[in-house]
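J.: Here the protein sequences line up with chains A and B, keeping their order.
Under our numbering, the first residue of the first sequence carries the number 103, and numbering increases by one thereafter.
Under our numbering, the first residue of the second sequence carries the number 103, and numbering increases by one thereafter.
Ideal Cβ positions, reconstructed from N, Cα and C, are used throughout, including at glycine.
Small disclaimer: the values here were computed from a predicted structure and weren't measured.
Protein chains: 2
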Amino acid sequence: MASPSLTVVPAEPGLSRYAALAAALRARVIAGEWPPGSALPAEQTLAAEHGVALGTLRRALELLADQGLIERIHGRGTFVRAGMTTGGTMMRFFRFGEGTGEVPASRIVSRQLLVAPAEVARRLGLARGDTALRLQRVRSLSGQPCMYEEIWLPLALFAELAEGDADAWGDLLYPLFVERCGVHVHRAVDEISFGALTAAQAKHLALSAGHPCALVTRNAYDLAGHCVEVRYTRGDAHAFHYTVTIT
Amino acid sequence: MASPSLTVVPAEPGLSRYAALAAALRARVIAGEWPPGSALPAEQTLAAEHGVALGTLRRALELLADQGLIERIHGRGTFVRAGMTTGGTMMRFFRFGEGTGEVPASRIVSRQLLVAPAEVARRLGLARGDTALRLQRVRSLSGQPCMYEEIWLPLALFAELAEGDADAWGDLLYPLFVERCGVHVHRAVDEISFGALTAAQAKHLALSAGHPCALVTRNAYDLAGHCVEVRYTRGDAHAFHYTVTIT
DNA sequence: GAGTGGTCTAGACCACGAC
DNA sequence: TCGTGGTCTAGACCACTCT
């Protein structure tokens, strides 16, 4: 591997030094020079490598930390964020039971290789006619089904999940994605809307067909910004609640 | 008025100098020393006043800017944020028409002085039995009603709005709050949930009773953090949409 | 104690806005 | 041209973590 940028930052036009530096460091992270969870070199080292003062380097790292790319821990070091391991919970959108932080149990009810529908293909960045892995699962709290999910995964990354015992996957998918496929979900965009359950969906949730539901359509992205998962989560609309602070 | 803090920041225990400074400046802003929309003194001045280096003072101001209390404009100065004048639109939660940035027309359908229900009193911080001003209004786009709102205002601040011609208020309330009552809405917390329209509500929206609706319950706060408005906004659940980014 | 990030300082210079 | 905030530097010292 060629030595990184051992010289002065090229002073991009219209960009401050630290902003250009941050972009350069972001590129090095995305290129995999420091994998998720690993530590970056010390500030002094990075500052010397890029030929800037410590303060400028720190500004750049603060930017990346604000953007969620890295995490700085006093006394330990600067680390590439490992991704949303448990942070992406859909429970943020629903109020079931007593609202404890309990992780809902997961049961895979279907796993198929299918041609991705147009909308899914668009979201995943697949070509028309490409196949993808579709999972359907029910999530339950205290034995009560509360969410029904349809999950689409590109085969190029998740072929590993097409086989083997899905019952052994556990209740959380994102840690599984990391362990089995090396995929780190780094950011997700959730679109909320309301609709009605089909008969099939309702059955899984022990509700009646046509019952109102909240639908969360999630696009999940990796470090490089590629969409790695499309997920449709449905739950009883009456259990939906979400809080937003406007400033 | 006593001279502010002309001496060194007292180095609060467990707080960095700039954090303590930010707290001190925040207190001065909330006390009204610099009203919303007005400019703070220059960095050099403030740094001298508080006996810190420029860099430290800047750190404090950056904190307050991140928190949305002040706004820094290169070449012009540092200003106390004037509040959400148009930024608080409920249209962020709905998809009506072609999704233009159009401001919905407002029609006040009722204005009454009523004893605040328990929940409203709690949210507004009123005593049991206190009266409040209740507005009901319909908001329309291209003549089509799309949102129905019930708005509760504490009389102590909004007595001015209990009289006069409400038809002359215009389509936005927050600018009216500033002009007529000197109340700046600085922050709002919106809780989203789902329900069904009562017959009365449905009538205003040209829908049928029991139609599914999205309900946005807003608490609006002023600079000092006091709740100055409670608002219940209802709209057709099928028009609801909202996007959240998770990191 | 060695190594990490966090704070604070002092000063130079640049970029922007208003007059 | 002047006053404002924004950038960059260089260095000292503090606070936290690990061993």
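1. Cβ closer than 7 angstroms: which chain A residues qualify as neighbours of B/Y344?
2. So if DSSP puts B/P348 in a beta bridge, which residue, or which two residues, is it bridged to?
3. Just checking: is the beta-carbon of A/I348 within a distance shorter than 8 angstroms of some beta-carbon in chain B?
4. Quick one: Cα of A/L325 to Cα of A/I132, how far?
5. Does the Cβ-Cβ distance between B/L163 and B/I172 come in under 8 angstroms?
6. In the DSSP assignment, find the beta strand (DSSP E) that holds A/L235 and state where it starts and stops.
7. In three-state terms, what does DSSP make of A/A304?
8. Reducing DSSP to helix, strand and coil, say where A/P247 ends up.
9. For the region 199–212 of chain A, list every residue whose C-beta sits within 7 angstroms of some C-beta in chain B, in sequence order.
10. I want to know whether the region 295–304 of chain A touches the region 274–284 of chain A - three or more CB-CB distances under 8 angstroms.
11. Verify the CB distance criterion: does A/V291 have a CB-CB separation below 8 angstroms to chain B?
12. May I ask you to verify whether the region 330–345 of chain B touches the region 281–290 of chain A, counting CB pairs closer than 8 angstroms and requiring at least 3?
13. Any heavy atom of the ligand PLP closer than 7 angstroms to the CB of A/C283?
14. Kindly identify the DSSP beta-bridge partner or partners of B/Y334.
15. Any C-beta of chain A sitting closer than 8 angstroms to the C-beta of B/A124?
16. How big is the Cα-Cα spacing for A/V346 and A/G201?
17. State the DSSP-derived secondary structure class of A/A270, mapped to helix, strand or coil.
18. Using a Cβ cut-off of 8 angstroms (strictly closer), state whether B/A326 contacts chain A.
19. Taking 8 angstroms as the threshold (beta carbon to beta carbon), is B/A104 in contact with chain A?
20. Whole angstroms are fine: how far does the CA of A/G327 sit from the CA of A/V182?
21. Is A/V285 helix, strand or coil when you go by DSSP?
22. Going by Cα to Cα distance, which pick from A/L166, A/L259, A/C315 and A/H306 is closest to A/Y323?
23. Give the range of the beta strand (DSSP E) segment to which A/G354 is assigned.
24. Can you list, in chain order, the residues of the region 148–171 of chain B whose Cβ is nearer than 7 angstroms to any Cβ on chain A?
25. Contact defined as beta carbons within less than 8 angstroms: I believe B/R334 pairs with B/E265. What is the distance between those atoms, to the nearest angstrom?
26. Is there at least one Cβ from chain B nearer than 8 angstroms to A/A316's Cβ?
27. Please confirm if A/G190 has its CB atom under 8 angstroms from at least one CB of chain B.
28. Measuring alpha carbon to alpha carbon, tell me which residue in A/A223, A/V240, A/S212 and A/E281 is nearest A/T233.
29. Of the residues B/L317, B/L117 and B/A308, which one's Cα is nearest the Cα of B/G245?
30. Give the secondary structure of B/A141 by DSSP, where H, G and I count as helix, E and B as strand, and everything else as coil.
31. Beta-carbon within less than 7 angstroms of B/E315's beta-carbon, same chain only, minus the 5 sequence neighbours each way: which residues are those?
32. Under 8 angstroms Cβ to Cβ from B/L156, same chain only, skipping five residues before and after it: list those, please.
33. Quick check: what's the CA-CA separation for A/P229 versus A/L317?
34. Whose Cβ in chain B lies nearer than 8 angstroms to the Cβ of A/A339?
35. May I ask you to list the residues that DSSP assigns as paired with B/A207?
T.: Walking through what the data contain:
1. I294
2. The displayed chain sequence assigns Ile, not Pro, to residue 348 of chain B. Looking at the DSSP assignment, B/I348 forms a beta bridge with A/A290.
3. yes
4. 6 angstroms
5. yes
6. T233 to L243
7. helix
8. strand
9. none
10. no
11. yes
12. no
13. Questions concerning the ligand PLP fall outside what the structure shown contains, since it holds no ligand whatsoever.
14. B/E252 and B/T319
15. no
16. 18 angstroms
17. helix
18. no
19. Confidence at B/A104 is low in this model, with a pLDDT of 33, below 50, so the placement of that residue should be treated as unreliable; the coordinate-derived value is given next. It does not; no Cβ of chain A falls within 8 angstroms.
20. 15 angstroms
21. coil
22. A/L259
23. Because chain A spans 103 through 349 in this model, residue 354 of chain A falls outside it and cannot be assessed.
24. G170
25. As written in the sequence, residue 334 of chain B is Tyr, which differs from the Arg given in the question. No, B/Y334 and B/E265 are not in contact; Cβ-Cβ is about 24 angstroms, not under 8 angstroms.
26. yes
27. yes
28. A/A223
29. B/A308
30. strand
31. Rather than Glu, the amino acid found at residue 315 of chain B in this sequence is Cys. Within the same chain, B/C315 has close Cβ partners G297, A298, L299, R336, G337, D338 and A339.
32. E145, Q146 and A149
33. Reading the sequence as shown, one finds Ala at residue 229 of chain A and not Pro. Taking the straight line from one Cα to the other gives about 25 angstroms.
34. F296, P314 and A339
35. B/S242
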